[in-house]
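Numbering (the working numbering), first residue to last: 3 to 197.
The structure appears right after this line, and notes come after that.
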């Protein structure tokens with residue numbers, strides 16, 4: 003089957019593309035329950051926008067609570083493949099949770115975030131960094147040596163204050179909340195998230 007030509011911009015996916023990704027994520031998780039591996043996806047069978055090389059995260063929730071979240075910060079494979087792999091990994095390989103069971107599949111909510119390429123931020127102090135943040139919009143990657151962590155923009159819902167957002171991101175990266183060094187790097191990205 004030849005994919006239909008797509009009129010959507012590379013930045014925003016069509017409803018058809020979004021629905022396809024949600025279906026692929028669900029199918030990959032169900033495939034994982036049966037076969038203990040992610041579903042294989044041929045990107046050529048999908049819209050051009052789903053064949054583009056993009057980074058993504060798949061977040062699973064059960065009754066509003068986090069049940070798994072796995073993704074890639076760097077784009078290296080077709081988006082539809084990335085979603086299939088990350089959905090499987092969020093369900094079965096997130097170290098914070100036991101592997102998903104059959105009894106949970108029907109109460110699962112799947113959320114997808116597609117990342118823009120991360121851009122380095124320039125700052126000379128924590129105050130200067132915080133002044134540049136856009137709450138609710140920015141996803142951040144914090145890196146210092148081997149310590150690295152990221153928060154998707156959706157994390158602003160539970161940490162709306164920029165100071166707290168940065169403190170908790172340091173903790174996630176394995177650093178104390180008071181940590182500061184000249185080697186600290188912050189990268190900013192945004193996401194297209196749905197449903």
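By construction, the Cβ of each residue, glycine as well, lies at the ideal position given by its N, Cα and C atoms.
Environment of residue i [buried if 16+ CB atoms lie within 10 Å]
{"i": "residue 81", "result": "buried"}
{"i": "residue 40", "result": "buried"}
{"i": "residue 6", "result": "Because residue 6 carries a pLDDT of 36, less than 50, the predicted location of this residue cannot be relied on, and no value is offered for it."}
{"i": "residue 19", "result": "buried"}
{"i": "residue 182", "result": "exposed"}
{"i": "residue 14", "result": "exposed"}
{"i": "residue 188", "result": "buried"}
{"i": "residue 85", "result": "buried"}
{"i": "residue 9", "result": "Unreliable placement is indicated for residue 9, whose pLDDT of 32 sits below 50; the coordinate value is still reported in the next sentence. Residue 9 is exposed by the Cβ-count criterion."}
{"i": "residue 31", "result": "buried"}
{"i": "residue 109", "result": "exposed"}
Proximity to residue i [Cα-Cα], best of the options
{"i": "residue 125", "options": "176, 45, 185, 25", "result": "185"}
{"i": "residue 36", "options": "59, 83, 50, 93", "result": "93"}
{"i": "residue 78", "options": "118, 90, 49, 171", "result": "118"}
{"i": "residue 161", "options": "140, 150, 149, 121", "result": "140"}
{"i": "residue 42", "options": "104, 51, 28", "result": "28"}
{"i": "residue 25", "options": "101, 50, 111", "result": "111"}
{"i": "residue 131", "options": "167, 106, 55", "result": "167"}
{"i": "residue 99", "options": "157, 67, 115", "result": "67"}
{"i": "residue 74", "options": "148, 34, 120", "result": "120"}
{"i": "residue 137", "options": "87, 129, 174, 159", "result": "159"}
{"i": "residue 147", "options": "163, 176, 134", "result": "176"}
{"i": "residue 97", "options": "71, 115, 116, 109", "result": "71"}
{"i": "residue 106", "options": "22, 16, 69, 178", "result": "69"}
{"i": "residue 152", "options": "165, 163, 164, 170", "result": "170"}
{"i": "residue 1", "options": "52, 46, 104", "result": "Not covered by the structure: residue 1. The range shown for the chain is 3 to 197."}
Residue i, enclosing alpha helix (DSSP H) - first and last residue
{"i": "residue 36", "result": "17-37"}
{"i": "residue 89", "result": "81-94"}
{"i": "residue 52", "result": "50-53"}
{"i": "residue 111", "result": "Careful: residue 111 lies outside any alpha helix (DSSP H), inside the beta strand (DSSP E) at 110-117."}
Contact belief for residue i with residue j at Cβ below 8 Å, rounded distance in angstroms
{"i": "residue 193", "j": "residue 154", "result": "6 Å"}
{"i": "residue 113", "j": "residue 65", "result": "Not a contact, Cβ separation roughly 14 Å."}
{"i": "residue 144", "j": "residue 172", "result": "6 Å"}
{"i": "residue 89", "j": "residue 76", "result": "Going by Cβ atoms, the distance from residue 89 to residue 76 rounds to 18 Å, so no, they are not a contact pair."}
Residue span of the beta strand (DSSP E) that contains residue i, given as start and end
{"i": "residue 150", "result": "149-153"}
{"i": "residue 134", "result": "Where residue 134 is concerned, there is no enclosing beta strand (DSSP E), although the alpha helix (DSSP H) it sits in stretches over 128-134."}
{"i": "residue 169", "result": "Element bounds for residue 169: not the beta strand (DSSP E) but the alpha helix (DSSP H), 164-174."}
{"i": "residue 194", "result": "193-196"}
{"i": "residue 141", "result": "141-146"}
{"i": "residue 70", "result": "67-73"}
{"i": "residue 63", "result": "57-64"}
Chain C within 7 Å of residue i, Cβ atoms only
{"i": "residue 33", "result": "Here there is only one protein chain, and chain C is not present."}
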